[in-house]
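For reference, the structure discussed in these notes is given below.
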Amino acid sequence: KLIKEKTAQLVNYYKKTVNSSTEAENKIKKDIESKYDISFDYFIADFSDLGQVRNAATKIIEKYKKIDVLINSAGLHSTKKYYNKDGYELVFTVNHLATYLFTKLLIPTLIASNPSRIIQVNSEGHRFNGLKIDDLGFKKRLYTGLKSYGQSKTAQLFTVWQLAKELESTGVTINAMHPGGVRTNIGNNNGKLYRWFLHHVTWHFLKDPSISGDALYYLAASKELDKVTGKFFNLTIEEMPAKHALNRDNQAKIIEISNKMTGLD
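In structure tokens, the structure reads:
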């Protein structure tokens, strides 16, 4: 119960993006440790940069020989189209490629630590849009924030199904979760009108982030889910994903493409 409460509290408390000086980062760390009587380490990586993702994974592997739970929650929604330094569409990179790369690099440690769990914080937003294998970068079609977000989350679900199959009999499970409509800073990178609408209209209908914290704790620790893998949850309720997220042909193609784009092939 105590861990559950602290998980929910941390999700609610740690809304800042740690992007300033080391002194500021250490202050936030000390504040959280003092406030919630815990101890933790942090590793910073810009998930739009796959090199930084690799470096962070390497540091974690070097420091920790055991990982009980991996929760991937980095996310981006952008109303404008951008590309990273590798030429990859930014939302696809942050929401899918970086998470996939990070997970694959940590899998050997997770297997050695079994039983262990992987939770991909996905979204009901995957229902907004499928994906186009021949135009993942939106160079041949109209870009919208909903299309790019839906595409990235669909691709992420494909990796959940694939990894669930690959990890059979290893003691490692992987599931996806929609965190609910809660108050977070996702989307604050967009324009003034978007931010105004988010904070003055949508915000009033969103719920406290502790709801997501409770659900994450359940998926990470509940004995009921010891053998459950390859599923999609809306908070703690298992749901069927969109039909396009179950397309096995596209799944195989996305895995192949993702391995090439991340240098895993």
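The sequence shown begins at 653 in my numbering and counts up by one. All residues carry an ideal CB built from backbone N, CA and C; glycine is no exception.
Select from 742, 711, 780, 681 the residue whose C-alpha is nearest the C-alpha of residue 691.
Here residue 691 refers to the residue found at position 39 when the sequence shown is read from its first residue. The shortest C-alpha separation from residue 691 is found at 681.
What three-state label does DSSP hand residue 896 in the structure shown?
Within the sequence shown, the letter at position 244 stands for residue 896. Three-state result, residue 896: helix.
Determine whether the beta carbon atoms of residue 790 and residue 754 lie at a separation below 9 Å.
Walking along the sequence shown from the start, residue 790 turns up at place 138. Walking along the sequence shown from the start, residue 754 turns up at place 102. No, Cβ-Cβ distance for residue 790 and residue 754 is not below 9 Å.
Who are the Cβ neighbours of residue 857 in its own chain at under 6 Å, not counting the five residues just before and after it?
For this step, residue 857 is matched to residue 205 along the sequence shown. Only weak support is given to the placement of residue 857: the predicted model assigns it a pLDDT of 43, under 50, and the question is left unresolved by the model.
Boundaries (first-last residue) of the beta strand (DSSP E) holding residue 825
Position 173 of the sequence shown, counted from the start, is the residue given in the question as residue 825. Start and end: 824–830.
Counting pairs of Cβ atoms below 8 Å between the segment 804–815 and the segment 760–774, do you hit three or more?
yes
Ignoring anything shorter than 4 residues or poking outside the segment 710–747, list the alpha helix (DSSP H) runs there in chain order.
none
Near residue 845, what residues of its chain come up, given a Cβ to Cβ distance below 8 Å and the 5 sequence neighbours on each side ignored?
Along the sequence shown, one-based indexing puts residue 845 at 193. At residue 845 the pLDDT is 46, less than 50, meaning the model places this residue with poor confidence and gives no usable figure here.
Answer with buried or exposed for residue 716, where buried requires no fewer than 16 other C-beta atoms within 10 angstroms of its C-beta.
The sequence position of residue 716 within the sequence shown is 64, counting from 1. Looking at its Cβ environment, which holds fewer than 16 other Cβ atoms inside 10 Å, residue 716 is exposed.
Return the chain-ordered list of same chain residues with a C-beta closer than 7 Å to the C-beta of residue 652, the five sequence neighbours on each side being excluded.
Nothing about residue 652 can be reported from this structure: the residues present for the chain run from 653 to 917 only.
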